[in-house]
Amino acid sequence: MLELRLVQGNLLKKVLEAVKDLVTDANFDCSSTGFSLQAMDSSHVALVALLLRSEGFEHYRCDRNVSMGMNLNNMAKMLKCAGNDDIVTIKADDGSDTVTFMFESPNQDKIADFEMKLMDIDSEHLGIPEAEYHAIVRMPSSEFARICKDLSSIGDTVVISVTKEGVKFSTRGDIGNANVVCRQNTTVDKPEESTTIEMHEPVSLTFALRYMNSFTKATPLSSTVTISLSSELPVVVEYKIAEMGYIRFYLAPKIED
Amino acid sequence: PPCQNTLRPFFISF
């Protein structure tokens, strides 16, 4: 028996909007730790890792570890039917081939049940080694989204370079090239508007903008984004989900032949 | 142009 009650039901709606374009089908794993997902895109270039910790749910019952295969587009369709202020409960019986999403309006005057068919997904689970990153950039998520969108109108790839001057996002295309430099800026009144750069070594990596733009669909989940870079490793783009956990995107770099 | 890596060489499959 599984029963997970999330008062902030719209968090789940936002999570689905953030991942459904990157991944079609995925297993949601439920354990005493929380509700999680790890899935790669079809070309195995990007990976999404989601964790919603059990403590973040108002009620969390998971009698045994369960893996539920879901089509994310279908799940998003169902969650779109929940109101933004609705409480969402995820329910499944042991051995069942369906999952139920229950939506309750805040004043309890409307209760809806949406039952979705589960699917068998044979997915590879990847171990992500702990890593030391050469540079960690924390910036407003809306600013990062703006830069990715702007650069993708000029080119297909972005070079992200971190030096002691700041973080530089560069692209080039048929019509010209573009560079955006963000400097460390901690003097603003609100911490969520600041940019911080923790650099151990300068680093410069090239990535496909198509994937970066897809990651920025998670912007509504968090006011800040953390970008962790090492010359030997995939970049990690992390959006923290307040009091619940995180959504992390890993993207393999492009390498010169 | 630079070529796109996949994630597999970076992560441990199990």
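Taken in sequence, the protein lines are chains A and B.
Its first residue numbered 78, the first sequence is counted upward by one per residue in the working numbering.
Its first residue numbered 45, the second sequence is counted upward by one per residue in the working numbering.
In this text, a Cβ means the ideal position worked out from N, Cα and C, and glycines have one as well.
Exposure of residue i, with buried meaning 16 or more beta-carbon neighbours within 10 Å
| i | result |
| --- | --- |
| residue 230/A | exposed |
| residue 152/A | buried |
| residue 305/A | buried |
| residue 185/A | exposed |
| residue 381/A | This structure cannot settle anything about residue 381/A, because the visible part of chain A is limited to 78 through 334. |
| residue 158/A | exposed |
| residue 163/A | buried |
| residue 253/A | exposed |
| residue 215/A | buried |
| residue 293/A | buried |
| residue 265/A | exposed |
Whether residue i touches residue j by CB criterion (8 Å)
| i | j | result |
| --- | --- | --- |
| residue 321/A | residue 133/A | yes |
| residue 331/A | residue 46/B | yes |
| residue 297/A | residue 240/A | no |
| residue 135/A | residue 92/A | no |
| residue 315/A | residue 325/A | yes |
| residue 116/A | residue 95/A | no |
| residue 114/A | residue 122/A | no |
| residue 248/A | residue 255/A | yes |
| residue 180/A | residue 204/A | no |
| residue 79/A | residue 169/A | yes |
| residue 107/A | residue 142/A | yes |
| residue 232/A | residue 286/A | yes |
Nearest candidate by alpha-carbon position, reference residue i, set the options
| i | options | result |
| --- | --- | --- |
| residue 319/A | 277/A, 286/A, 276/A, 269/A | 269/A |
| residue 207/A | 312/A, 253/A, 114/A, 182/A | 312/A |
| residue 212/A | 299/A, 108/A, 307/A | 307/A |
| residue 99/A | 119/A, 284/A, 191/A | 119/A |
| residue 291/A | 267/A, 221/A, 257/A, 209/A | 221/A |
| residue 284/A | 301/A, 90/A, 236/A | 236/A |
| residue 183/A | 259/A, 200/A, 165/A | 165/A |
| residue 89/A | 144/A, 178/A, 201/A | 178/A |
| residue 271/A | 243/A, 295/A, 294/A, 293/A | 243/A |
| residue 281/A | 288/A, 301/A, 245/A, 294/A | 245/A |
| residue 234/A | 194/A, 329/A, 105/A, 187/A | 329/A |
| residue 50/B | 288/A, 293/A, 198/A, 191/A | 288/A |
| residue 199/A | 273/A, 105/A, 130/A | 105/A |
| residue 224/A | 138/A, 140/A, 257/A | 257/A |
Which of helix, strand or coil DSSP assigns to residue i
| i | result |
| --- | --- |
| residue 231/A | coil |
| residue 224/A | helix |
| residue 46/B | coil |
| residue 93/A | helix |
| residue 216/A | strand |
| residue 166/A | strand |
| residue 138/A | strand |
| residue 331/A | strand |
| residue 133/A | helix |
| residue 321/A | coil |
| residue 347/A | Residue numbering for chain A in the displayed model covers 78 to 334; residue 347/A lies beyond these limits and cannot be assessed. |
| residue 249/A | strand |
| residue 86/A | helix |
| residue 310/A | coil |
| residue 210/A | coil |
| residue 51/B | coil |
| residue 290/A | helix |
| residue 296/A | helix |
Contact residues within the stretch 205-226 of chain A, judged by C-beta distance below 7 Å to chain B: Contact residues of the stretch 205-226 of chain A toward chain B are 205, 206 (C-beta to C-beta distance below 7 Å).
The stretch 297-331 of chain A: positions lying closer than 9 Å to chain B by Cβ: Along the stretch 297-331 of chain A, going in chain order, the ones with a CB nearer than 9 Å to a CB of chain B are 309, 310, 311, 327, 328, 329, 330, 331.
Members of the stretch 93-119 of chain A that neighbour chain B once the beta carbon cut-off is set at 8 Å: 117
The stretch 119-139 of chain A: positions lying closer than 9 Å to chain B by Cβ: Here the close residues are 120, 121, 122, 123, 124.
Short-range partners of chain B found in the stretch 266-286 of chain A, where Cβ spacing is below 7 Å: 283, 285
Positions along the stretch 189-204 of chain A whose CB lies within less than 8 Å of some CB in chain B: 201, 202, 203, 204
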